[in-house]
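Enquirer:
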Amino acid sequence: MASAKFFPLSADALGSEIVTIHVGPKRKAFTLHKKLLCDRSGFFSKAFNSGYKESTDGVMYLPEDDADDFDSMIICIYQDRLPSFESSIHPQSGDSGEEFTSRVLYGLFVLAEKLCMNDLANRVMDKIQDLDFEYSRVPSAASILDIYNTTSLKSKLRIYSVLMRLYTVNVNKFDNFSMGKGSHTEGLEDLELLVEEHNDFTLDYMELHWKYRSRFDGDHPADAQFRDSKKSFGRCFFHTHGKGEECHLDPLTTETN
Numbered sequence: 040m041a042s043a044k045f046f047p048l049s050a051d052a053l054g055s056e057i058v059t060i061h062v063g064p065k066r067k068a069f070t071l072h073k074k075l076l077c078d079r080s081g082f083f084s085k086a087f088n089s090g091y092k093e094s095t096d097g098v099m100y101l102p103e104d105d106a107d108d109f110d111s112m113i114i115c116i117y118q119d120r121l122p123s124f125e126s127s128i129h130p131q132s133g134d135s136g137e138e139f140t141s142r143v144l145y146g147l148f149v150l151a152e153k154l155c156m157n158d159l160a161n162r163v164m165d166k167i168q169d170l171d172f173e174y175s176r177v178p179s180a181a182s183i184l185d186i187y188n189t190t191s192l193k194s195k196l197r198i199y200s201v202l203m204r205l206y207t208v209n210v211n212k213f214d215n216f217s218m219g220k221g222s223h224t225e226g227l228e229d230l231e232l233l234v235e236e237h238n239d240f241t242l243d244y245m246e247l248h249w250k251y252r253s254r255f256d257g258d259h260p261a262d263a264q265f266r267d268s269k270k271s272f273g274r275c276f277f278h279t280h281g282k283g284e285e286c287h288l289d290p291l292t293t294e295t296n
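Count the sequence shown with the numbering used here and you get residues 40 to 296, in order.
(1) Using CA atoms only, rank isn't needed, just tell me which of 98, 188, 183 is closest to residue 140.
(2) For residue 163, name the three-state secondary structure that DSSP assigns.
(3) Could you check whether residue 202 and residue 247 sit closer than 8 angstroms to each other, using their CB atoms as the reference points?
(4) Go through its chain and collect everything with a Cβ distance to residue 243's Cβ below 8 angstroms, but skip five positions before and after it.
(5) Which value, in whole angstroms, describes the spacing of the CA atoms of residue 261 and residue 82?
(6) Taking 6 angstroms as the limit between beta carbons, can you name the residues of its chain near residue 159, skipping five residues before and five after?
(7) Our contact map puts residue 60 next to residue 101 with C-beta atoms below 8 angstroms; I'd like the distance itself, whole angstroms only.
(8) If residue 204 and residue 177 are in contact, beta carbons under 8 angstroms, what's the gap, nearest whole angstrom?
(9) Alpha carbon to alpha carbon, how far is residue 65 from residue 106? Give it in angstroms, no decimals.
(10) Please state the DSSP three-state secondary structure of residue 83.
(11) Determine the contact status of residue 88 and residue 94, defining contact as a CB-CB distance below 8 angstroms.
(12) Using the rule of at least 16 other Cβ atoms within 10 Å of the residue's Cβ for burial, across every protein chain shown, is residue 257 buried or exposed?
(13) Can you tell me which of 49, 250, 109, 77 puts its alpha carbon nearest to the alpha carbon of residue 67?
(14) Beta carbon of residue 85, beta carbon of residue 54: below 8 angstroms?
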């Protein structure tokens, strides 16, 4: 089932049935409109519209998920807006929003990806790119480890983090990394840590470096933060689109990527 794009709410969109979802180890309860939730997510549609126990009881438990991430997701589907930085909830801080990105946006993306909410995941991915570009930053080694520990194989967030690491290496030139010049030493140490800690990162790093090595040559290496530029990998490169699904950036129908 293709995940639905966001649209203005109406009585028909909400439906009349209510379901309750208990999230996290403390089982925080969320009471939601069943139709709205199922129209947004293939995961919930299968659970509540099939022969599973949830379809009879109207109750689901997600003990492994984070209640704050789920709350952000609910705001998105009911109010059609993503968490924002800066805001009263997420004020400006000395880390230029790095904590907001890693804690709020990464968490929301991981949840949206898990729940087959393609449109939401795509919008969050765009926001991650935009904030990283605005504040001239790349995912830290700690953030990348968190990404790899909470996502599945071929997650678009994994691919983005690896390509940004490749960009960093190529911008700084690997000979500088090897010679240990200033902050380059830290970059090499980060790379070594990631290789040691997560085999999937190593495999992705090698695969993506081999596949896109020509894009990193020259004075203007490919930059995953861009969507509409010669330096970009493509506007929907970090999106997931089901067959016949429209991208929120373009009314044209896109195929699975």
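We put the CB at the ideal spot given by N, CA and C, even for glycine.
None of these values were measured; they are calculated from a predicted model.
Expert: Taking the coordinates as given:
(1) What you label residue 140 is simply residue 101 of the sequence shown in a count that begins at 1. For residue 140, the closest C-alpha among the options 98, 188, 183 is that of 183.
(2) Locating residue 163 in the sequence shown gives position 124, counting from the first residue. Helix, per DSSP.
(3) As a position in the sequence shown, residue 247 is number 208, starting the count at 1. As a position in the sequence shown, residue 202 is number 163, starting the count at 1. In this structure, residue 202 lies closer than 8 angstroms to residue 247 by Cβ.
(4) On the sequence shown, residue 243 is found 204 positions in, with the first residue counted as 1. Answer for residue 243: 197, 198, 201, listed in chain order.
(5) For this step, residue 261 is matched to residue 222 along the sequence shown. For this step, residue 82 is matched to residue 43 along the sequence shown. C-alpha separation (whole angstroms): 34 angstroms.
(6) Stepping through the sequence shown from its first residue, residue 159 is reached at position 120. 115, 151, listed in sequence order.
(7) The residue labelled residue 60 in the question sits at position 21 within the sequence shown. The residue labelled residue 101 in the question sits at position 62 within the sequence shown. Rounded to the nearest angstrom, the Cβ distance from residue 60 to residue 101 is 6 angstroms, consistent with a contact under 8 angstroms.
(8) Within the sequence shown, residue 204 is the residue found at index 165, counting from 1. Within the sequence shown, residue 177 is the residue found at index 138, counting from 1. Between residue 204 and residue 177 the beta-carbon gap is near 7 angstroms, inside 8 angstroms, which marks them as a contact.
(9) Taking the first residue of the sequence shown as 1, we reach residue 106 at position 67. Taking the first residue of the sequence shown as 1, we reach residue 65 at position 26. When rounded, the distance between both Cα atoms is 9 angstroms.
(10) Mapped onto the sequence shown, residue 83 falls at position 44. Residue 83 falls in the helix class under three-state DSSP.
(11) As a working note, residue 88 is residue 49 in the sequence shown. As a working note, residue 94 is residue 55 in the sequence shown. For residue 88 and residue 94, yes; Cβs fall inside 8 angstroms.
(12) Locating residue 257 in the sequence shown gives position 218, where the first residue counts as 1. So residue 257 ends up on the exposed side.
(13) Residue 67 sits at position 28 when you count from the first residue of the sequence shown. Check the Cα spacing between residue 67 and each of 49, 250, 109, 77: the tightest is with 109.
(14) Within the sequence shown, residue 85 is the residue found at index 46, counting from 1. Within the sequence shown, residue 54 is the residue found at index 15, counting from 1. No, they are not a contact pair.
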